[in-house]
Amino acid sequence: MKKDMTVGNPMKIILAFSVPVLLGNIFQQFYNMVDTMIVGQYLGPDALAAVGSTGCLMFLVLGFANGIAQGFGVMISHAFGAKDEKMLRHYTAVSLLLTLAVSVILTVPTVAASRQFLLWMHTPDNILEPANDYIRIIFAGLVCTMAYNVASGILRAVGDSKTPLYFLIFSSILNIILDIFFIVAAKLGTAGAAYATVISQGAAAILCFIVMHKKHAVLRTRRADFYLDTASVWRMLSIGIPMALNYSITAIGTMVFQSAINRFGSDVVAAFTAASKVNAIATQTMPTLGTAMSTYCGQNLGAGNHERIFRGMKDAFILSFVSAVLAAAICCAAGPFMIGWFISSPSKTTIGYGMQYLYSVSAFMLPLAWIFIYRNGMQGLGQSLVPMLSGVIELVCRYIVILIAAKPFGYPGVCFADPVTWLITGVILLITYLHWKRKTKKSLA
């Protein structure tokens, strides 16, 4: 089940690794999609807006936790590429210890301050309480979410992209069943959707850990592997924390964006929530390529195969065009139909609000693809500072566009905050990688 990405045709290996990751990402979206579909259909547009208004807040906290988990996976991929099994097992053990510590540290303050976060984001009064019911439970179950992400990150670091997929399929089915039970039968409202998500991710995490122990001898940690030495902790945190901060900084920019959307009322919030779900589904090939390139670059850097890194990144650049065209086509052609998945009998006005956002972002899908490929690729190469700074750029860009466009142009102006941000950040990351490539070639000459 392990895949050594240091040998074979790069394009074929990237695609073979990406297919299970893509299916896994789709099922990951399925968690949130099913939540919002059932909430929108059974609880109404206000409840949908409540769940949707928490999205960027979830990204802020869960993104930080998951960024740390991905950073741990980078170090494991380096050890796997270098064929250093002893260090690989130790990194795996350290990642588990650090994951437990980080999840505990993050859970207490986020649960306590969840309502205040929503108030700072100008969440409309009519959806404040159901939004808080939802996000508080999600934060309380942070250890489940983080456990799954670190387990799947470890498995992908050694080239196993199939196991996380299998258990996401299982947990997605479980999530649907629990959604219907908690929302429709138990009448728990938005809190029911949160319970379903946390329990499902916890189940996926447990199954991943079982497979790690039983099926992958190289990941079978022993008591002797569980010790915290300064060098290993520093290496893992030096990559994990910048990646985590990158997610959080990007999330703050998204919170600024959501706060601007919230000012237009719950109808616009519901329409934007549905449109953002459509966009998330349409662009799933992009984070898939990013995940593949992080593992690919990490393994080949550990093996010292720099020429292979250059070739793989070139192939990923070609694939970015395919990904962008596919995403734009889905948003423009299927957008009006897909919005109806999340809102029962949406009005023409609601569809119009949603499509206004989708049309705005569709022309800028290529630089968005670059963001995922080059940010994750650089992270796999251990260049964690650049991706973190790119998150700062995203934050600044979104804020400036909203500041300039919100008042004179209203909602249509705010819709252009994402496209402008993607264009600037994507080009900067592409140029940064090309600079690293030129510098590395000189050092190897």
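Residues are numbered in our numbering as their position in the sequence shown, beginning at 1, plus a constant of 840. Every residue, glycine too, gets a C-beta built ideally from N, C-alpha and C.
Three-state secondary structure (DSSP) of residue i
i: ASN828; result: In this structure the chain extends from 841 to 1285, so residue 828 is not present and cannot be described.
i: GLY809; result: No answer is possible for residue 809: it lies beyond the span of the chain, which begins at 841 and ends at 1285.
i: LEU1028; result: coil
i: ALA922; result: coil
i: LEU1208; result: helix
i: TYR865; result: Tyr is not the amino acid found at residue 865; the sequence shown has Asn there. The answer is helix: DSSP assigns ASN865 an H, G or I state.
i: MET961; result: coil
i: PHE1066; result: coil
i: LEU855; result: helix
i: GLN1196; result: helix
i: ARG976; result: helix
i: TRP1276; result: helix
i: PHE912; result: helix
i: ALA1203; result: coil
i: GLY848; result: coil
i: LEU1221; result: coil
i: TRP1181; result: coil
i: ASN1140; result: helix
i: HIS1056; result: coil
i: ASN1216; result: helix
i: SER935; result: helix
i: SER1078; result: helix
i: PRO949; result: helix
i: GLY892; result: helix
i: SER1365; result: Here the chain comprises residues numbered 841 to 1285, so residue 1365 is not present and cannot be evaluated.
i: ASN985; result: Correcting the residue identity first, residue 985 is Thr in this sequence and not Asn. Helix at THR985.
i: GLY884; result: coil
i: THR1061; result: coil
i: ASN1298; result: The structure shown does not extend to residue 1298, since the chain is modelled only from 841 to 1285, so the question has no answer here.
For residue j and residue i, believed in contact at Cβ under 8 Å, the rounded distance
i: ALA1110; j: ALA922; result: Not a contact, Cβ separation roughly 50 Å.
i: GLY999; j: MET845; result: 6 Å
i: ILE1081; j: ILE908; result: 7 Å
i: HIS903; j: TYR1087; result: For clarity, residue 903 is Gly in the given sequence; the question names His instead. Their Cβ separation, rounded to whole angstroms, is 3 Å, which keeps GLY903 and TYR1087 in contact under 8 Å.
i: LEU1235; j: ILE1089; result: 5 Å
i: GLN1098; j: SER954; result: No, GLN1098 and SER954 are not in contact; Cβ-Cβ is about 15 Å, not under 8 Å.
i: TYR1214; j: TYR1273; result: 5 Å
i: LYS1232; j: VAL1260; result: In the sequence on display, residue 1232 carries Val and not Lys. About 16 Å separates the two Cβ atoms, so there is no contact after all.
i: PRO850; j: ASP1258; result: Not a contact, Cβ separation roughly 31 Å.
i: THR947; j: ALA991; result: Actually they are not in contact, since the Cβ atoms of THR947 and ALA991 sit about 18 Å apart, beyond 8 Å.
i: GLY864; j: GLY993; result: In fact, because the Cβ distance is near 12 Å, the residues do not count as touching under 8 Å.
i: ALA1122; j: ILE1179; result: In fact, because the Cβ distance is near 12 Å, the residues do not count as touching under 8 Å.
i: THR1280; j: HIS1146; result: 6 Å
i: LEU1206; j: SER1160; result: 6 Å
i: SER1134; j: GLN1219; result: 6 Å
i: ALA1064; j: GLY911; result: The pair is not a contact, with the Cβ atoms about 24 Å apart (cut-off 8 Å).
i: PHE811; j: ALA1091; result: No information on residue 811 is available, as it lies outside the stretch 841 to 1285 that the chain covers here.
i: CYS1172; j: VAL1118; result: Between VAL1118 and CYS1172 the Cβ distance is about 10 Å, and since that is not below 8 Å, they are no contact.
beta-carbon residue i near the ligand COA non-hydrogen atom, thresh 7 Å
i: THR1272; result: Looking for the ligand COA in the displayed structure turns up nothing, as the structure carries no ligands at all.
Please list the segments of the alpha helix (DSSP H) lying wholly inside the stretch 990-1024, counting only runs of 4 or more residues, in order along the chain.
1002-1019
List, from N- to C-terminal side, the alpha helix (DSSP H) runs of 4 residues or more that fit wholly inside the stretch 1244-1270.
1251-1255
May I have a chain-ordered list of the beta strand (DSSP E) segments no shorter than 3 residues that lie completely inside the stretch 1098-1123?
none
Given 8 Å as the limit, is there contact between the stretch 955-974 and the stretch 1096-1106, that is, 3 or more CB pairs closer than that?
yes
Three Cβ pairs or more, each shorter than 8 Å: is that satisfied between the stretch 1191-1200 and the stretch 1123-1136?
no
Given 8 Å, three or more beta-carbon pairs between the stretch 1067-1076 and the stretch 931-951:
yes
Does the stretch 985-995 come into contact with the stretch 1039-1052, if we say contact requires no fewer than three beta-carbon pairs (one atom in each stretch) closer than 8 Å?
yes
For the stretch 1150-1167 against the stretch 1026-1033, do three or more pairs of beta-carbon atoms, one drawn from each stretch, fall closer than 8 Å, so that the two count as touching?
no
So, do the stretch 992-1006 and the stretch 940-956 have three or more beta carbon pairs nearer to each other than 8 Å?
no
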